[in-house]
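Colleague: Pasting a structure below so you can have a look.
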């Protein structure tokens, strides 16, 4: 049963927001979290936020009471726990995904991987890969697997993770959208669980760890102290897992199968050279994000 709305007068909410923004500045915390809480948890839309200073006696109807919002905000300030973990969810593409400290919080940039697959599918409607096996390697919250299941409804999607808690959470996210039966779940290290289909894969998609070990220790506290290092740390140069997937992915892909890998800005040429060195990939692309930075690589098996 849904909770009843919680009335809150605009001046009260405006004072709380003003105070919270100042607290963020005083504590060196990103102030964008204030409006994320108000929008995603309390249900206050952007227009209502803009009109707050002008409202006087009209109450707004919140999805939770302001005291709960303040408790989450103070916990975020004190312990630097990501708000998504405190709230228990985040939005990604069209999904509202459960998240916990067992999984990386999916970022908007990773949506570009699914955008690429969707665009490829639209322009290649008769490609046999549309009906083949696709894998999300290191599924975490299941974001990529759910995205693949949505844009490739006739394909068989496989979600792989070496963390049992992460795989359980991903399965729950799929169940929430009636997609669990469209996805096969595998506990294991990268490609190991996929060996029965070696040479038969239409697509391998992954957002692997790609941050250099030393850089992980310099990340903001919300990431460094709370998100799983297993999903962040890509070894000394950040390329350990990318290199593994590039070297072994070709053994699993069928001719014409595609490898799609997210990377960190600045890694594009290193990833391209590794793909070229395998001498079995073609149509290699280093794709940019909306900021014009290297974001993911695409390569087809010859």
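Numbering (my numbering), first residue to last: 1 to 302.
C-beta atoms are modelled at their ideal positions from N, C-alpha and C, and glycine is treated no differently.
Spell out the partners DSSP gives residue 98 in its beta bridges.
Modeller: Answer is 89.
Colleague: Please report the straight-line C-alpha distance between residue 17 and residue 81, rounded to a whole angstrom.
Modeller: 19 angstroms
Colleague: Suppose the cutoff is 6 angstroms on Cβ atoms and the five residues either side in sequence are ignored; what does the same chain contact list for residue 184 look like?
Modeller: 158
Colleague: Can we count residue 157 as close to the ligand ADP, meaning its CB is less than 7 angstroms from some heavy atom?
Modeller: With respect to the ligand ADP, the structure shown offers nothing to examine, as it has no ligands at all.
Colleague: Whole angstroms is fine: what's the gap from residue 206's alpha carbon to residue 86's?
Modeller: 26 angstroms
Colleague: Name, in chain order, the residues that DSSP records as bridge partners for residue 206.
Modeller: 137 and 261
Colleague: With C-beta atoms as the reference, is residue 42 less than 8 angstroms away from residue 31?
Modeller: no
Colleague: Excluding the 5 residues preceding and the 5 following residue 104 in the sequence, name in chain order all residues of the same chain whose CB lies nearer than 6 angstroms to its CB.
Modeller: 140, 227 and 231
Colleague: Which residue spans inside the stretch 209-278 form an unbroken beta strand (DSSP E) run of at least 3?
Modeller: 253-262
Colleague: Roughly how many angstroms lie between the CA atoms of residue 169 and residue 99, to the nearest whole one?
Modeller: Taking the CA atoms as reference points, residue 169 sits about 8 angstroms from residue 99.
Colleague: Per DSSP, which one or two residues make a beta bridge with residue 118?
Modeller: Answer is none; residue 118 lacks a bridge partner.
Colleague: Output the distance between the C-alpha atoms of residue 289 and residue 57, rounded to the nearest integer angstrom.
Modeller: 44 angstroms
Colleague: Which of the three DSSP states, helix, strand or coil, is assigned to residue 294?
Modeller: strand
Colleague: Checking the sheet assignment: what are the DSSP bridge partners for residue 60?
Modeller: 8
Colleague: As a quick exercise: from 114, 222 and 278, pick the residue whose alpha carbon is nearest that of residue 243.
Modeller: 278
Colleague: Could you tell me which residues DSSP puts in a beta bridge with residue 301?
Modeller: 281
Colleague: Any idea what DSSP makes of residue 81, helix, strand or coil?
Modeller: coil
Colleague: If you draw a straight line from the alpha carbon of residue 89 to that of residue 77, how long is it in whole angstroms?
Modeller: The alpha-carbon atoms of residue 89 and residue 77 are separated by roughly 18 angstroms.
Colleague: Mind checking who residue 129 pairs with in its DSSP beta bridge?
Modeller: Residue 129 pairs with nothing; no bridge assigned.
Colleague: Compute the distance between the beta-carbons of residue 294 and residue 265, then report whether it is under 8 angstroms.
Modeller: yes
Colleague: In its own chain, which residues sit with a C-beta less than 8 angstroms from the C-beta of residue 45, not counting the 5 before and 5 after it?
Modeller: 39
Colleague: Which residues share a DSSP beta bridge with residue 159?
Modeller: 136 and 185
Colleague: Measure from the alpha carbon of residue 4 to the alpha carbon of each residue in 274, 93, 28 and 64, then state which is nearest.
Modeller: 64
Colleague: In whole angstroms, what separates the C-alpha of residue 52 from that of residue 284?
Modeller: 50 angstroms
Colleague: Around the C-beta of residue 273, are 16 or more other C-beta atoms found within 10 angstroms, so that it is buried, or is it exposed?
Modeller: exposed
Colleague: Report yes if the C-beta distance between residue 199 and residue 162 is below 8 angstroms; otherwise report no.
Modeller: no
Colleague: Return the chain-ordered list of same chain residues with a C-beta closer than 7 angstroms to the C-beta of residue 130, the five sequence neighbours on each side being excluded.
Modeller: 121, 152, 154 and 155
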